[in-house]
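**Student:** First residue of the sequence shown: 93, per our numbering; consecutive thereafter.
A virtual CB, placed ideally from N, CA and C, is assigned to each residue, including glycine.
Here's a structure for you.
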Amino acid sequence: MRVYKLPFFHRASVRWYVFVGYGFILGTSLLFAISYFFYGIQQRPVEDTIFAIIFAAIAVYLIYVLWGIIFKKFYIELTPTIINIRVPFKNLSLSWDQLAEVRAQRRFNRIYLAILLKGDVGRNYSYLVPLIYFMDIDLESLVNTFNRNIKKLKKANRKSLTADE
């Protein structure tokens, strides 16, 4: 069972085909937004304005994601006291004693880190962290690191409870 040593810090890194795919979708979205806005708006003003706004929103989202990946704005940080995870549109800062369980989960043909908080026991997860932005991270080691530290904390809490009695 391989685990990462704390403190652990890992910045986003993706493979070249993700850049190519996002770049292609970005270029296509911008092209459609511009064509709908400037050319299509003359024939069907309402429909083409809506389409232009939708494609422009997709382009803005992709620019945000590519900016974060290129300039390494997304990261996973595990320290002995806190967990900081920053991915697109999600910024988590948790302490180890808030966690009940962490596991890998596949949804929508992608792998996520499913984080369950103690207050949400009974649910599937409290947070889903997409791991597509961390291609070179070992998923099993990451999950084992989380679970090892959760078990350590539970054991320390049991010892402190028995020492208090």
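Excluding sequence positions up to five away, which residues of its chain have a Cβ less than 8 Å from the Cβ of TRP159?
**Tutor:** Counting only Cβ-Cβ distances below 8 Å, and skipping sequence neighbours, we find LYS165.
**Student:** With DSSP collapsed to three states, give me the class of PRO172.
**Tutor:** Residue state, collapsed to three classes: coil.
**Student:** Hey, quick one: how far does the beta strand (DSSP E) through TYR114 stretch, first residue to last?
**Tutor:** Premise fails: TYR114 lies in the alpha helix (DSSP H), 108 to 130, not in any beta strand (DSSP E).
**Student:** Quick check on the DSSP output: the alpha helix (DSSP H) that includes PRO137 runs from which residue to which?
**Tutor:** Per DSSP, PRO137 belongs to the alpha helix (DSSP H) from 137 to 162.
**Student:** Do you know whose CA, among TYR167, GLY119, THR173, lies nearest TRP188's CA?
**Tutor:** Checking every option, the nearest Cα to that of TRP188 belongs to THR173.
**Student:** If I measure Cβ to Cβ from ARG178 and keep anything under 6 Å in the same chain, skipping five residues before and after, which residues do I get?
**Tutor:** So the qualifying residues of the chain are PHE166, TYR167.
**Student:** Using beta-carbon positions only, say whether LEU170 and ALA192 come within less than 8 Å of one another.
**Tutor:** Against a cut-off of 8 Å, the Cβ pair of ALA192 and LEU170 comes out as no contact.
**Student:** Can you check whether the CB of TYR128 is closer than 8 Å to the CB of ALA104?
**Tutor:** It is not a contact, given that the beta carbons lie outside the stated cut-off.
**Student:** What is the rounded straight-line gap between the Cα of LEU184 and the Cα of ASN249?
**Tutor:** The straight-line gap from Cα to Cα measures roughly 24 Å.
**Student:** My assumption, with CB atoms under 8 Å, is that PHE196 sits in contact with VAL235. Please give the rounded CB distance.
**Tutor:** Reading off the sequence, residue 196 comes out as Ala, not Phe. Yes, they are in contact, since the Cβ atoms of ALA196 and VAL235 sit about 6 Å apart, within 8 Å.
**Student:** Mapping DSSP to helix, strand and coil, what is SER252?
**Tutor:** SER252: helix per DSSP, three-state reduction.
**Student:** Measure how close the beta-carbons of ILE204 and VAL106 come, nearest whole angstrom, since I'm counting them as under 8 Å.
**Tutor:** The question names Ile, but residue 204 is Tyr in the sequence shown. The Cβ separation is near 16 Å, so there is no contact.
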